[in-house]
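So the sequences go chain by chain: F and X.
Count along the first sequence from 1, add 4, and you get the number used in the numbering used here.
Count along the second sequence from 1, add 3, and you get the number used in the numbering used here.
Built from N, CA and C at the ideal position, the CB exists for glycine as well.
These numbers were taken from a predicted model, which means no experiment stands behind them.
Encoded as structure tokens, the structure appears first; notes follow it.
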Amino acid sequence: MDTILAFVIGGLYAAGIYLILRRSIVKLIIGLALLGQAANLLIFTAAGLTRAQPPIVAEGSEVPINPSADPLPQALILTAIVISFGVLAFTTVLVKRVYQTVGTDDLDDMKATDR
Amino acid sequence: MNVLLILPMLIPLLTASLALLAWNHPRLQRGLSVFGAASLLGAAIALLTVVWSDGIQVTQGGNWPAPFGITIISDLFSAIMVGLTGIIGLSVVLYSLVSIDPARESFGFHPLIHVLLMGVCGAFLTGDIFNLYVWFEVLLIASFVLLALGGERAQMEGAIKYVTLNLLSSAIFLAAIGLLYGEAGTLNMADLAIRLGNSDRQGLTTALAMLFLVAFGIKAAIFPLFFWLPASYHTPPVVISTIFAALLTKVGVYSLIRVFTLMFTQDTALTHTLILVIAGFTMVTGVLGAIAQVEFRRLLSFLIVCEIGFLLMGLGIFTPLGLAGSVFFMIHAIISMSALFLLSGLTERICHTFNLKQMGGLYHSYPALAVLFLVPALGLAGLPPMAGFFAKVTLLQAAIEVESYTIVIVALVVSLLVLVAIARVWNEAFWKNPPDDIAGLVGRPGALQVSGARLIPLLLPVVTLASLTLIMGIAAEAILAIAMDAGEQLMNPSGYIQAVLGGQQ
């Protein structure tokens, strides 16, 4: 399972970086979203995968019966998903405004502030 | 529960919420905004006093024992940074009373500024690495909106670059946190310091350190990751540029100093030498970029990059004196840079442009303004008696102590080049005769476009900040004493770790 997820994460990073390097700002935003998802999956995987082990604590004991998955990374991912959702909503509107104001979606035509 | 530690986040949050409720009442919003910023400064000074006299202050979120809850902690370095945030917050809010246009004000300028201040204070005070990520996002989203607010073409172009690079850095930061948690199983920075120190996989720790270096490096605008900064900082209105220039990159530098003094100190021969090399390149590229600019705020933006190099130099040297130099330089850089940015707004009001070629004659018509420029600007170049001189001397002394002569030479040459950049601004904007098309504007009464009592919020912040650089230079010994204490605390993280993990109620 770890190996499969490692390849998925690698694929997401590759796709994200490829899209960021494109000139179209729409693809840029999709690329950033993919990078965020790749990071989320990375947290999920790096913290260790334990499947189908409910965190049940026996009476009188202080530790779960079976080694169960750590809930903290999932809480982190949840936080990160909410944040990236908000940020993505903002960037989508920004892209629309940029397109309306500048009149192009080509990053190469947006060099005026670099000079 | 130590209320003083929470106040720097609570006050801006309350101010922003109340200002949102007063959406249709600009006058009330302004009042709230000034009151909130002044209270934040008060709380920040109180915190600094307590930390200075009683040592590191800690509080645990929800009274969960560390390392399980979120730790809010302030050592001297954090407290100094919060204090500076208070000073800049109040200056910017005052300046904005006159300078921000009604359209931007009616679209939530004041609430956004306070959300930004909350994010900045939160980042300085948190003791939890994931919480740091959350505060980064808070300040980023506020800065995104502030940068794009108004929707001018240049702003849009600047915003797309700023947003992209910052989101990329956040994604790297998040990935680094995930890997760090997988490796150490904790997010509390003090706990991480212990566990990473005991880890037997030093190679992995160093790789993680590099991820953090890139993530914070983008935010701090270090070489070669700084290109978003001069492409975006000059596009929004002056007040927004100022608060960005003063605080946002410094949050990145603060985070770098925090993680590379607390957590990643295993392989300093590699990591801190690399930081020192980057510091040198950052200084050189920053100042060379500045010399080539003809736009006032773009020139200042490149000088920010140059300053970042000096801030990192102390971290790269990695001795108590070096870090003290960084802290001292931080105080000086934030205050002089914001003074210069606010001043560029005054010159724009007079000449109707930021283009240095189209400015001129300001010394002849406004000698007081010229002095206001010269004090922080010469401080930036490192001339006595301004604070910048003593900050640079501290850094150079630290570098000589560890015999890093290359960085000493680089820093000295760069300082000279900063003087060249400053002299260019002086020649173009203040000394030469005004070009014909603005000759009628300069020196005309009411050239600042405001008069009477409305001049006070415009001039008071600039005068205060400029005189602060001078006062801090004269009182350099006191500032250096605080900076030395902060440097000692950073170099000996055992006090920090002890405060978080041991002996809590």
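C-alpha gap between residue i and residue j, whole angstroms
| i | j | result |
| --- | --- | --- |
| X/Met213 | X/Trp26 | 44 Å |
| F/Ala43 | X/Leu250 | 27 Å |
| X/Val254 | X/Arg33 | 26 Å |
| X/Asp131 | X/Met192 | 5 Å |
| X/Val308 | X/Leu259 | 15 Å |
| F/Val61 | X/Ala126 | 36 Å |
| F/Gln57 | X/Gly490 | 48 Å |
| X/Ala425 | X/Leu303 | Contrary to the premise, residue 425 of chain X reads as Ile rather than Ala in this sequence. Rounded to the nearest angstrom, the two C-alpha atoms are 9 Å apart. |
| X/Val287 | X/Gly385 | 15 Å |
| X/Met340 | X/Leu228 | 20 Å |
| X/Phe433 | X/Met362 | 8 Å |
| X/Thr129 | X/Gly455 | 43 Å |
| F/Val86 | F/Leu45 | 14 Å |
| X/Thr276 | X/Ser77 | 28 Å |
| X/Leu504 | X/Ile197 | 10 Å |
| X/Arg427 | X/Pro240 | 23 Å |
| X/Ser497 | X/Gly58 | 13 Å |
| X/Leu142 | X/Val53 | 26 Å |
| F/Thr19 | X/Phe215 | The sequence as given places Ala at residue 19 of chain F; Thr does not occur at that position. Each residue's alpha carbon lies about 22 Å from the other. |
| F/Arg101 | X/Val423 | 39 Å |
| X/Glu140 | X/Leu365 | 41 Å |
| F/Ile34 | F/Leu23 | 7 Å |
| F/Thr7 | X/Gly185 | 16 Å |
| X/Leu97 | X/Ala49 | 21 Å |
| X/Ala19 | X/Pro464 | 22 Å |
| F/Leu9 | X/Leu183 | 18 Å |
| X/Thr1 | F/Ala116 | Look at the range of chain X in this structure, 4 to 508, and you will see that residue 1 of chain X is not part of it. |
| X/Leu493 | X/Ala486 | 10 Å |
| X/Ser102 | X/Ser244 | 12 Å |
| X/Ala41 | X/Leu79 | 21 Å |
| F/Asp112 | X/Lys222 | 23 Å |
Neighbourhood of residue i by C-beta, 8 Å cutoff - its chain only, sequence neighbours within 5 removed
| i | result |
| --- | --- |
| X/Val6 | none |
| F/Tyr103 | Ile29 and Asp109 |
| X/Glu298 | His237, Phe357, Asn358 and Leu359 |
| F/Ile47 | Pro77, Leu80, Ile81 and Ala84 |
| X/Thr88 | Pro11, Leu43, Ala47, Leu120, Val123, Cys124, Phe127 and Leu250 |
| X/Gln507 | Bear in mind that the predicted position of X/Gln507 carries a pLDDT of just 44, short of 50, making it unreliable; the figure below should be weighed with that in mind. Excluding sequence neighbours, X/Gln507 sits near Val61, Gln63, Pro68 and Ala69. |
| X/Thr472 | His335, Ile338, Ser339, Ala342, Val378, Pro379, Gly382, Met389, Ala390 and Gly391 |
| X/Phe267 | Leu199, Thr208, Thr209, Leu211, Ala212, Phe215 and Thr274 |
Contact set for residue i: own chain, Cβ-Cβ below 7 Å, skip 5 residues either direction
| i | result |
| --- | --- |
| F/Gln41 | Leu16 |
| X/Trp231 | Lys164, Tyr165 and Leu168 |
| X/Ile91 | Ile246, Ala249, Leu250, Ile337 and Ser341 |
| X/Ile403 | Val411 |
| X/Leu84 | Going by the sequence as given, residue 84 of chain X is Met instead of Leu. Taken in chain order, the residues that qualify are Phe127 and Tyr257. |
| X/Leu135 | Ala126, Thr129 and Ser258 |
| X/Gly65 | Gly72 |
Residue i, enclosing alpha helix (DSSP H) - first and last residue
| i | result |
| --- | --- |
| X/Val428 | Tyr408 to Val428 |
| X/Ile132 | Ile132 to Ala151 |
| F/Tyr102 | One point to set straight first is that residue 102 of chain F is Val, not Tyr, in the sequence displayed. Looking at the DSSP string, the run of the alpha helix (DSSP H) that includes F/Val102 is Pro75 to Val106. |
| X/Ser341 | Pro323 to Cys354 |
| X/Gln400 | Ala390 to Glu404 |
| X/Asp57 | Pro29 to Asp57 |
| X/Ile294 | Thr271 to Ile294 |
| X/Met121 | Phe112 to Leu128 |
| X/Gly476 | Leu458 to Ile477 |
| X/Pro370 | Pro370 to Ala384 |
| X/Val308 | Phe299 to Ile320 |
| F/Lys31 | Ile29 to Ala50 |
Residue i, enclosing beta strand (DSSP E) - first and last residue
| i | result |
| --- | --- |
| X/Thr74 | Thr74 to Ser77 |
| X/Gln60 | Gln60 to Gln63 |
Neighbourhood of residue i by C-beta, 6 Å cutoff - its chain only, sequence neighbours within 5 removed
| i | result |
| --- | --- |
| X/Phe376 | Leu346 |
| F/Asp74 | Ala51 |
| X/Val217 | Ile175 |
Any non-hydrogen atom of the ligand GTP within 7 Å of residue i CB
| i | result |
| --- | --- |
| X/Phe71 | The model depicted lacks the ligand GTP and carries no ligand whatsoever. |
### Message
For the structure I just gave you, are there three or more beta carbon pairs, one from the region 377 to 393 of chain X and one from the region 316 to 323 of chain X, closer than 8 Å?
### Response
Judged by Cβ distances under 8 Å, the region 377 to 393 of chain X makes no contact with the region 316 to 323 of chain X, as fewer than three pairs qualify.
### Query
For the region 283 to 297 of chain X against the region 330 to 338 of chain X, are there 3 or more C-beta pairs whose distance is under 8 Å?
At 8 Å Cβ cutoff, the stretches do not touch.
### the region 226 to 242 of chain X / the region 138 to 157 of chain X touching (three or more Cβ pairs under 8 Å)
In short, these stretches touch, since the Cβ pair count reaches three.
### Message
Is it the case that the region 184 to 201 of chain X contacts the region 70 to 77 of chain X, given that we only count it when at least three CB pairs across the two stretches are under 8 Å?
### Response
Yes, the region 70 to 77 of chain X is in contact with the region 184 to 201 of chain X.
### At least three beta-carbon pairs within less than 8 Å, the region 116 to 124 of chain X to the region 9 to 18 of chain X
Result yes; three or more Cβ-Cβ pairs closer than 8 Å.
### Message
Which complete alpha helix (DSSP H) runs does the region 160 to 215 of chain X hold, if anything under 4 residues is left out?
### Response
Complete alpha helix (DSSP H) runs here, min 4: 192 to 201.
### Task
Could you tell me which uninterrupted alpha helix (DSSP H) segments, each at least 4 residues in length, are contained entirely in the region 210 to 261 of chain X, listed from first to last along the chain?
Fully enclosed alpha helix (DSSP H) runs of no fewer than 4 residues occupy 231 to 235 and 241 to 246 of the region 210 to 261 of chain X, in order along the chain.
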